[in-house]
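In the working numbering, the protein residues as written are 558 to 1186.
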């Protein structure tokens, strides 16, 4: 009897299926990448192949609420096979969607023939590198503390069989997104409300030459690490839709020998070009500078120096660092370390991808110039604009005194460093002897035992990138000066100075009221800079300028204070080159020297007396502006 019943049910199912087909549909747990409008289209397509079907319908729900109902009815004039194509727009929000397809054989009879659930719309990130990007330490604890209902993974469920690729919640299978990946997903969801999928292709212990190896006859060959990674990306529909590539690798080369280190830039270029070719358009490539290791040759600093510079060498690359994050075994991090890396990367990703407005100190400080003062015994390290460098106090760890001043190497020697300190975005190094030309390294190439010393940081505790063999340049000899600070009729403030020459620029900095630090907000090769800062009457500003080149800079000018008035109750004096002349005006008083090509403002009741001094060959015109007394 059971056999007869089974056969009957099988025949009914077979006959029903013969009346329709499903050609395209979403998969359970699938993430559809959002477009520029924060949406994605999901299609359910197929054919009605028999007149026994009176209608096909699709029920789409957002969580438990009806989002969309699609239907297509057959008629006596329908020609079979009859195509149905139901497309639904879903939105990247913290919500899941379900799709139910029904086949109707009469006005009252219908059968559910497809059910897809837990569909989301969001962003895709891919992770690649070696074991520190696999990041499995603490994965069980991380998974237990993370709600992955809206987070996704896409991976093989059976070896490297492409037919076993499928969508999973992020914690499955075997937590392969890694601690760094799932922490990043949780942060994006929590702060931006966007579901994500992380596709992790990293493989432990491999050199970059193995990770960038590509079968030129079949780029997606699953017998190569790169091919397996590409296969996952292609099958997930992520080509051309990747928000960010996260790359962490270089431990292998740092722990081997010089040939691998020397070949690293070429291998990285190959990898980067391969990804651009195979992955389609991606928004950003986040390159993580590796740490200080106990193993291998003294060449880890060379790897880190190249990684630091990649953002200047390749488009779309942003850089981060894992320096200063503990490595209990000398190479790998604990769970907390991987989560810290994810949290720090997220500060950049928020700004790059999710339109966050805070761009100040969201990336590690990066050295821009190393300048030798004329005394030849002091170096100035200039970091990115508006970084606030914090120089650490000496510290004792495991009965060892760590002093950061000992980890600056002038011409590869730290023996002549006497002292070091920081101010604003600069670090000053006082030497116990004078030097000529040379280079500067920051942090050792390798260190045994494990380096647990201090680091330069910014005010948000991001550690500065290490660097190696950075050229030391002499300070520019000309100290500039501000000629005048003028309040314009539209309340803009204009700062005048002599235009720089020789391809140099003038950088203008200011601080407002009681600010602790100067803020560099503009630079020019002209003779003035306008400051569009919003001011209230009585606000005071202090300006200073500095001559800059690509490798050096001058001393700062003497600061000039300016107080803003909301009523321009003054006169304007314009100067342009002309013949010898002295202007004397009734009820106008001033005893300051006036330079060429400069606009000055004086209070309304001022006298230019006969002994008033000007530069020669200057003509002045007095113009009254503003409101009267």
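We put the beta carbon where it would ideally sit given N, CA and C, even for glycine. From a predicted model like this one, the values you see are computed outputs, not experimental measurements.
Report task. Please classify residue 575: does DSSP put it in a helix, a strand, or coil? Result -> coil
Query raised in the report: Between the region 929-938 and the region 948-964, do at least 3 Cβ pairs fall closer than 8 Å?
Result: No, they do not touch.
Query raised in the report: Among 734, 842, 640, which has the Cα closest to the Cα of residue 910?
Result: Closest by alpha carbon: 842.
**Report entry** Contact set for residue 854: own chain, Cβ-Cβ below 7 Å, skip 5 residues either direction
**Finding:** 814, 815
Query raised in the report: For the 8 Å Cβ check, are there 3 or more pairs between the region 886-906 and the region 1038-1053?
Result: no
Query raised in the report: Whole-angstrom Cβ separation of residue 1096 and residue 1121, contact assumed at under 8 Å?
Result: 5 Å
Query raised in the report: If we ignore side chains and look at the alpha-carbon of each, how far apart do residue 745 and residue 589 end up?
Result: 16 Å
Query raised in the report: Taking the alpha-carbon positions, what's the residue 575 to residue 609 distance?
Result: 10 Å
Query raised in the report: Relative to the alpha-carbon of residue 1114, which residue among 961, 1090, 1035 has its alpha-carbon at the smallest distance?
Result: When each option's Cα is compared against that of residue 1114, the closest is 1035.
**Report entry** Simplified DSSP state of residue 809, which is helix, strand or coil
**Finding:** helix
Query raised in the report: Where does residue 637 land, buried or exposed, given buried means 16+ other C-beta within 10 angstroms?
Result: exposed
**Report entry** residue 843: first and last residue of the uninterrupted beta strand (DSSP E) it sits in
**Finding:** 839-846
**Report entry** Cβ shell of residue 990 (< 8 Å), same chain only, five flanking positions each side left out
**Finding:** 934, 973
Requested in this report: Report the partner residues of residue 678 according to the DSSP bridge assignment.
Outcome: 589
**Report entry** residue 797, enclosing beta strand (DSSP E) - first and last residue
**Finding:** Element bounds for residue 797: n/a, residue is neither H nor E.
**Report entry** Rounded straight-line distance, which links the Cα of residue 1083 to that of residue 1133
**Finding:** Because residue 1133 sits at a pLDDT of 38, beneath the cut-off of 50, its placement in the model cannot be relied upon, and the point is left open.
Query raised in the report: So, helix, strand or coil for residue 782, using DSSP?
Result: helix
Report task. For the region 666-676 and the region 785-799, state whether three or more C-beta atom pairs, one from each stretch, are separated by less than 8 Å. Result -> The region 666-676 and the region 785-799 do not touch, with fewer than 3 CB-CB distances between them shorter than 8 Å.
Requested in this report: Look at the alpha carbon of residue 646 and the alpha carbon of residue 591, and state the distance between them as a whole number of angstroms.
Outcome: 10 Å
Query raised in the report: Among the residues of its own chain, which have a CB less than 7 Å from the CB of residue 897, if the five just before and after it don't count?
Result: 882
Query raised in the report: With DSSP run on the structure shown, which of helix, strand or coil describes residue 899?
Result: helix
Query - Distance between residue 619 and residue 653 (C-alpha atoms, nearest Å) - result: 6 Å
Query - Counterpart residues of residue 1102 in DSSP-defined beta bridges - result: 1065
Report task. Could you please give the first and the last residue of the uninterrupted beta strand (DSSP E) stretch that includes residue 850? Result -> Residue 850 -> no beta strand (DSSP E), and no H or E assigned at all.
Query raised in the report: Thinking just about the alpha-carbon of each residue, which of 1018, 1013, 917 is nearest to the one in residue 960?
Result: 1013
**Report entry** Status (buried if at least 16 other CB within 10 Å, exposed otherwise) for residue 712
**Finding:** buried
**Report entry** Simplified DSSP state of residue 946, which is helix, strand or coil
**Finding:** DSSP places residue 946 outside both helix and strand once states are collapsed to three, so it counts as coil.
Report task. Just mark residue 626 as buried or exposed, buried being the case when its beta carbon has 16 or more other beta carbons within 10 Å. Result -> exposed
Report task. For residue 836, I'd like the list of residues in its chain whose CB is within less than 7 Å of its CB, leaving aside the five on either flank, ordered along the chain. Result -> The residues are 790, 796, 799.
Report task. Tell whether a beta-carbon distance below 7 Å holds between residue 741 and residue 651. Result -> Cβ atoms of residue 741 and residue 651: not closer than 7 Å.
Query raised in the report: For residue 718, does the count of other Cβ atoms within 10 angstroms reach 16, so buried, or fall short, so exposed?
Result: exposed
Requested in this report: Mind reading off the beta-carbon distance from residue 1030 to residue 1109? Whole number of angstroms is fine, and I expect it under 8 Å.
Outcome: The pair is a contact, with the Cβ atoms about 4 Å apart (cut-off 8 Å).
Requested in this report: Give a yes or no on whether the minimum CB-CB distance between residue 1034 and chain C is below 7 Å.
Outcome: Here chain C cannot be found, since the structure has a single protein chain.
Query - Own chain, CB closer than 7 Å to residue 648, minus 5 neighbours either side, in chain order - result: 595, 596, 678
Query - Residue burial classification, residue 1037 (beta-carbon count within 10 angstroms, cutoff 16) - result: buried
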